[in-house]
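For the sequence shown, position 223 matches number 300 in my numbering, and the numbering has no gaps at all.
For glycine and all other residues, C-beta sits at the position ideal for the given N, C-alpha and C.
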Amino acid sequence: MHKQLAAILRRTTVAVFGFALAASSWAAGPAQSTVPKINDPARGWDSLWHEVIVDITIIGILFAVVTAYFVFTSRRTAANPVGASPKLSPASAVGWTVLPIFVFLSIDLYTAANGWVLWNHYRDVPADRLEVKLESGMYSWDYTYPNGVRTQNELIVPAGKPVMLRMTSRDTLHSHYIPDFRVKEDSMPGRVTYLWFHPTKPGEHLVTCAEYCGVMHSYMAGRVIVKSAEEYAAWMKQEETMLAAATATEATPAPAKAGTPAAKPKKT
């Protein structure tokens, strides 16, 4: 009896490890084909999440049906059925142990492979992106556009264009989180990190700090304001005009006050 059980366990172990190796390559293959290169991280992560929900729903229903079957077919038929319960053979016991392992392992490997491929696609930022610098600090988000325009707590972007944030922090650890776009990344002093997202239509989206950064952490909120391409161009032109005027004002020396002698030129 013990020799028979040991033989079954050895064969089962070999089968499980063989299945794990085969399933890993099988999962990686479908992952390459079912997860296309993403141009919108939110859609990619949502798709993976929906896959997980479907998988665990199917597994839950399957095991509920099996459990219900045993509940109704294995009820005792006598008041004191000592020794009357059916016993599983060693092969059946091992089989009912391996079956859940098989199901969960296949789903886990497939999902992990999909997530790995999706993450690597996410790291490949589109070349036609709008790149904005972000400096976080207690308790605000400071954005700087390529032309020098700056905003605080409001990131204004055009619809239909990928946006990348290059992030750092001037004081402590923060985490720039935009729930609607499914993106979150830490910003920290002395290091540059990044995230990107793809706004597709005009609207407003919450920005919050997802890393505890101090007593006012819960107030560190901002907005992503997505404008149409025309509205964004008009807004940016207005900001550039204001920036140019402010720069010119700073560069112009203040006039001398009445009665104040003009500064004499230095001798060379």
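Suppose contacts are defined by Cβ-Cβ distances below 8 Å. Is H282 in contact with R259 by that definition?
The residue you call residue 282 lines up with position 205 of the sequence shown. The residue you call residue 259 lines up with position 182 of the sequence shown. In this structure, R259 does not lie closer than 8 Å to H282 by Cβ.
Note to self: Tell me the DSSP secondary structure of K278 in three-state form.
What the structure shows: As a position in the sequence shown, residue 278 is number 201, starting the count at 1. Coil, per DSSP.
*Where does H127 land, buried or exposed, given buried means 16+ other C-beta within 10 angstroms?*
Walking along the sequence shown from the start, residue 127 turns up at place 50. With fewer than 16 Cβ atoms within 10 Å of its Cβ, H127 is classed as exposed.
Should S295 be labelled buried (16 or more other beta-carbon atoms within 10 Å of its own) or exposed?
-> What you label residue 295 is simply residue 218 of the sequence shown in a count that begins at 1. S295 comes out exposed.
Distance, Cα to Cα, M215 vs T318?
Working through the sequence shown from its first residue, we reach residue 215 at position 138. Working through the sequence shown from its first residue, we reach residue 318 at position 241. Going from the Cα of M215 to the Cα of T318 covers about 30 Å.
*asked:* In whole angstroms, give me the CA-to-CA distance for P223 and Y199.
replied: As a working note, residue 223 is residue 146 in the sequence shown. As a working note, residue 199 is residue 122 in the sequence shown. Going from the Cα of P223 to the Cα of Y199 covers about 23 Å.
CB-CB length for F274 against V226, believed under 8 Å: Here residue 274 corresponds to residue number 197 of the sequence shown, with the count starting at 1. Here residue 226 corresponds to residue number 149 of the sequence shown, with the count starting at 1. Not quite, the Cβ-Cβ distance comes to about 20 Å (not below 8 Å), so this is no contact.
Can you give the beta carbon distance from V234 to V303, rounded, assuming they're within the 8 Å contact cut? Counted from its first residue, the sequence shown places residue 234 at position 157. Counted from its first residue, the sequence shown places residue 303 at position 226. Correct: roughly 6 Å between the Cβ atoms.
**Item:** Three-state class that DSSP yields for V171 in the structure shown
**Value:** On the sequence shown, residue 171 is found 94 positions in, with the first residue counted as 1. Three-state result, V171: helix.
- Message: I need the DSSP call for G214, collapsed to helix, strand or coil.
- Response: Within the sequence shown, the letter at position 137 stands for residue 214. G214 falls in the strand class under three-state DSSP.
Rounded to a whole number of angstroms, what is the C-alpha to C-alpha distance between A322 and I130? Locating residue 322 in the sequence shown gives position 245, where the first residue counts as 1. Locating residue 130 in the sequence shown gives position 53, where the first residue counts as 1. The alpha-carbon atoms of A322 and I130 are separated by roughly 55 Å.
With the cut-off set at 8 Å, would you say Y271 and R247 are in Cβ contact?
Looking up residue 271 in the sequence shown gives position 194. Looking up residue 247 in the sequence shown gives position 170. No. Outside cutoff.
Terminal residues of the alpha helix (DSSP H) in which T249 lies: In the sequence shown, counting from the first residue as 1, residue 249 sits at position 172. Unbroken run through T249: none, as it is neither H nor E.
Item to check | Three-state secondary structure (DSSP) of K314 | outcome: Residue numbering aside, residue 314 sits at position 237 when the sequence shown is read from its first letter. Of the three classes helix, strand and coil, the one that applies to K314 here is helix, per DSSP.
On the premise that V284 lies in contact with H251, defined as a C-beta separation below 8 Å, what is that separation, rounded to the nearest angstrom? The residue you call residue 251 lines up with position 174 of the sequence shown. The residue you call residue 284 lines up with position 207 of the sequence shown. Not quite, the Cβ-Cβ distance comes to about 11 Å (not below 8 Å), so this is no contact.
Assuming the contact rule is C-beta atoms closer than 8 Å, P279 and S305 should be a hit. Round their C-beta distance to whole Å, please. As a working mapping, residue 279 is identified with position 202 in the sequence shown. As a working mapping, residue 305 is identified with position 228 in the sequence shown. Indeed they touch by this definition, with Cβ atoms about 5 Å apart.
Quick check on S264: buried or exposed, where buried means 16 or more other Cβ atoms within 10 Å of its Cβ? Counting from one through the sequence shown, the residue named residue 264 turns up at place 187. S264 should be labelled buried.
Practice item. With DSSP as the reference, label G121 as helix, strand or coil. Key: Position 44 of the sequence shown, counting from 1, holds the residue named residue 121. Note: G121 maps to helix in three-state DSSP.
inquiry  = So, at 8 Å on beta carbons, what are the nonlocal neighbours of V148 in its own chain, with the 5 sequence-adjacent residues on each side left out?
reply    = The count along the sequence shown starts at 1 and reaches residue 148 at position 71. There are no such residues.
- Query: Can you round the beta-carbon distance between W218 and L211 to whole angstroms, since I take them to be within the 8 Å contact cut?
  - Reply: Stepping through the sequence shown from its first residue, residue 218 is reached at position 141. Stepping through the sequence shown from its first residue, residue 211 is reached at position 134. Going by Cβ atoms, the distance from W218 to L211 rounds to 6 Å, so yes, they are a contact pair.
Looking at Y220 and V202, is the spacing between their C-beta atoms short of 8 Å?
The residue given as residue 202 occupies position 125 in the sequence shown. The residue given as residue 220 occupies position 143 in the sequence shown. No, Cβ-Cβ distance for V202 and Y220 is not below 8 Å.
| request: Could you spell out the range, first to last residue, of the beta strand (DSSP E) harbouring G299? | output: What you label residue 299 is simply residue 222 of the sequence shown in a count that begins at 1. Its beta strand (DSSP E) spans residues A298 to K304.
D201 in three-state terms, based on DSSP: In the sequence shown, the residue the question calls residue 201 occupies position 124. Residue state, collapsed to three classes: coil.
*asked:* Quick check on DSSP: helix, strand or coil for P223?
replied: Against the sequence shown, residue 223 aligns to sequence position 146. Looking at P223 - three-state DSSP - the assignment turns out to be coil, as it is neither helix nor strand.
| query | Can you tell me where the beta strand (DSSP E) with S264 in it begins and where it stops? | reply | Counting from one through the sequence shown, the residue named residue 264 turns up at place 187. V260 to S264 is the span of the beta strand (DSSP E), which, as asked, contains S264.
Return the bridge partner residues of E231 from the DSSP annotation. In the sequence shown, residue 231 corresponds to position 154, counting from 1. According to DSSP, which records beta bridges pairwise, E231 is partnered with R300.
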